[in-house]
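Trainee:
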């Protein structure tokens, strides 16, 4: 029982570690989704503003002071998009690492489960052999008594 109990505790710890990594992977996936959404909205704003800028410039209705405002806005949007893309790349790298960790944790859990199953079967086999020996002993003592 002691070995089986220890293996059970190790298995529980491995399962907890696996669940912890799964939660981290889920959080990273949510962060990736949020960053992709934010980058999409920034790109959409950039393209809409660029379209408006080109239309005004083509119409000749763009005043000289507006041009500086547009360029400044484009610069800051581009800067924010680049920062978000860098963050996204960092998060994707972390996600890849944690997914690999999750695969390893899953493998470790399966190994311990296999070990526990094997130990349970061995214990059942030992118990069966012990019971068979007891039955044989009882059977042989009854025969002698007759």
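Numbering (the working numbering), first residue to last: -14 to 131.
All C-beta atoms, glycine included, are put in the ideal place defined by N, C-alpha and C.
Predicted model, so just to flag it, every value in this text is computed and none were measured.
#1: Leaving out five residues before and five after residue 65 in sequence, what residues of the same chain have Cβ atoms less than 7 angstroms from its Cβ?
#2: Beta-carbon within less than 6 angstroms of residue 31's beta-carbon, same chain only, minus the 5 sequence neighbours each way: which residues are those?
#3: Among the candidates -7, 14, 119 and -10, whose CA atom is the shortest distance from the CA of residue 82?
#4: My understanding is that residue -11 touches residue 99, with C-beta atoms under 8 angstroms, so please give their C-beta distance in whole angstroms.
#5: Can you say whether residue 3 is buried or exposed, counting buried as having 16 or more other CB atoms within 10 angstroms of its CB?
#6: Taking only the alpha-carbon atoms, compute the straight-line gap between residue 7 and residue 29 and give it to the nearest angstrom.
#7: Thinking C-beta only, is residue 17 closer than 7 angstroms to residue 84?
#8: Specify the secondary structure class of residue 25 as computed by DSSP and reduced to three states.
#9: If distances are taken between C-alpha atoms only, which option among 35, 123 and 41 comes closest to residue 57?
#10: From the DSSP output, in three-state form, read off residue 40 for me.
#11: To the nearest angstrom, how far is it from the Cα of residue 21 to the Cα of residue 42?
#12: Under the rule that 16 or more other beta-carbon atoms within 10 Å means buried, what is residue 54, buried or exposed?
Mentor: With the structure as the only source:
#1: Here the set comprises 27.
#2: 62
#3: 14
#4: Incorrect: roughly 14 angstroms between the Cβ atoms, too far for contact.
#5: Classification of residue 3: buried, given that the 10 Å Cβ count is 16 or more.
#6: 33 angstroms
#7: no
#8: helix
#9: 35
#10: Residue 40 falls in the helix class under three-state DSSP.
#11: 31 angstroms
#12: A residue is called buried when at least 16 other Cβ atoms come within 10 angstroms of its Cβ; residue 54 does not meet this threshold and is exposed.
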